[in-house]
Ligand code: CP
Ligand code: NVA
């Protein structure tokens, strides 16, 4: 049921998706989806990308609306969801956390039930993952996690698409993440484990990923042919990497810790020296925004092995697949 039927799409102006399997589901974590489901989402994302580039309309969400709640800043997530809805024939509605009543104390439960009466889906970017889970519990429409302090799953779906496009496969690749054991590290472990990658997280003491997430990802990796490990030495970790990945040392909400973190993460930079020990055709990834000279050197970010801007573009295509399937 999950295999994409090529004949079904070929020569057609519009995609018709086998939605039954996905419709109504939340997208809070990649750990909630099976390897086959993620594969299918990536196939749909690829199809939508091809159609978009060819100028073929694909109004799969005509007449539908997505509410987009943001209590944190965003460039890529906001633009890709809003434009993605437009390209799918629907509408994205930006709801700043400061302006809606949620910011003045209206409960998550009430917000979820009210929005469910008017919208077809909710995307939320906020601090607490529990709040997003509560929103999903009370909403009767799909809720998509656009980043919490714990996870950033839509980014990683786009990252998997990018890796697949550049390397041609996912299973068996070594992906090394250098830096903070944060939301990106967590979602990369979940997504990588599910797709059979060897994921290495190299973080300094005190900034390791959440052990519960590590244990869950390791169990997923075992069941799906992947391998997940957490280490301390970044240069040793980078040896033979097919994908080198990093993210900011201080995430949104950690601005006050920026100086302490700069000291703690010294040496955890993707630079020429690190790239030299990776596989010769390794690709360099970063979810962006980047802090040049901190977690990544300017020359590597701008170098020919960097795929960061294609990665950013793929947010659009990957999220269109999620929305087209669940909404
Ligand atoms: N990578 C990412 O989520 O970027 P934004 O914070 O700009 O949305
Ligand atoms: N870890 C970063 C990711 C930004 C896309 C943050 O949460 O700020």
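Residue numbers (this note's numbering): 411 to 737. C-beta atoms are modelled at their ideal positions from N, C-alpha and C, and glycine is treated no differently. All values derive from a computational prediction rather than experimental measurement.
Query, Result
"With 16 other CB atoms within 10 Å as the buried threshold, where does residue 455 fall?", "buried"
"Roughly how far, in whole angstroms, is the beta-carbon of residue 647 from the beta-carbon of residue 653, given that I think they are within contact range, below 8 Å?", "That pair is no contact at about 12 Å."
"Which value, in whole angstroms, describes the spacing of the CA atoms of residue 723 and residue 560?", "23 Å"
"Which complete alpha helix (DSSP H) runs does the region 515-578 hold, if anything under 4 residues is left out?", "518-528, 539-548, 563-577"
"In whole angstroms, what separates the C-alpha of residue 733 from that of residue 662?", "25 Å"
"Can you determine whether any heavy atom of the ligand NVA sits closer than 6 Å to the C-beta of residue 724, and answer yes or no?", "no"
"Can you give the Cα-Cα distance for residue 527 and residue 433, rounded to whole angstroms?", "17 Å"
"Give a single yes or no on whether residue 599 has its beta carbon closer than 6 Å to a heavy atom of the ligand NVA.", "no"
"Could you round the C-beta distance between residue 518 and residue 548 to whole angstroms and report it? I think they count as a contact, below 8 Å.", "7 Å"
"Can you list, in chain order, the residues of its chain whose CB lies under 6 Å from that of residue 727, leaving out five sequence neighbours each side?", "455, 458, 459"
"DSSP three-state label for residue 418, please.", "The predicted position of residue 418 is uncertain, since its pLDDT is 47 and thus under 50; a value taken from the coordinates is nonetheless stated next. Looking at residue 418 - three-state DSSP - the assignment turns out to be helix."
"In whole angstroms, give me the CA-to-CA distance for residue 717 and residue 694.", "6 Å"
"Would you report the Cα separation of residue 729 and residue 490, rounded to the nearest angstrom?", "7 Å"
"Run through DSSP, which three-state label would residue 501 get?", "strand"
"Compute the distance between the beta-carbons of residue 720 and residue 679, then report whether it is under 7 Å.", "no"
"So, does the region 570-588 touch the region 596-611, judging by three or more C-beta pairs under 8 Å?", "yes"
"Candidates 564, 539, 450: which alpha carbon is nearest residue 428's?", "450"
"Under the three-state reduction of DSSP, which class applies to residue 439: helix, strand or coil?", "coil"
"Taking the alpha carbon of residue 439 as the reference point, which residue from 725, 554, 649, 659 has its own alpha carbon closest?", "554"
"Per the DSSP calculation, residue 696 is bridged to which residue(s)?", "656"
"Could you give the C-beta distance for residue 564 and residue 536, rounded to a whole number, given that I count them as a contact under 8 Å?", "About 14 Å separates the two Cβ atoms, so there is no contact after all."
"DSSP on residue 725, reduced to helix/strand/coil?", "helix"
"Is residue 599 closer than 7 Å to residue 382 when the C-beta atoms are compared?", "Here the chain has residues from 411 to 737 only, and residue 382 is not among them."
"How about residue 630 and residue 604: are their beta carbons less than 7 Å apart?", "yes"
"With DSSP as the reference, label residue 608 as helix, strand or coil.", "strand"
"In angstroms with no decimal places, state the Cα-to-Cα distance between residue 699 and residue 478.", "20 Å"
"Taking only three categories from DSSP, how would you classify residue 580?", "coil"
"Bridge partners of residue 673, per DSSP?", "Its beta-bridge partners do not exist; DSSP assigns none."
"Check whether the Cβ atoms of residue 486 and residue 725 sit closer than 7 Å, and answer yes or no.", "yes"
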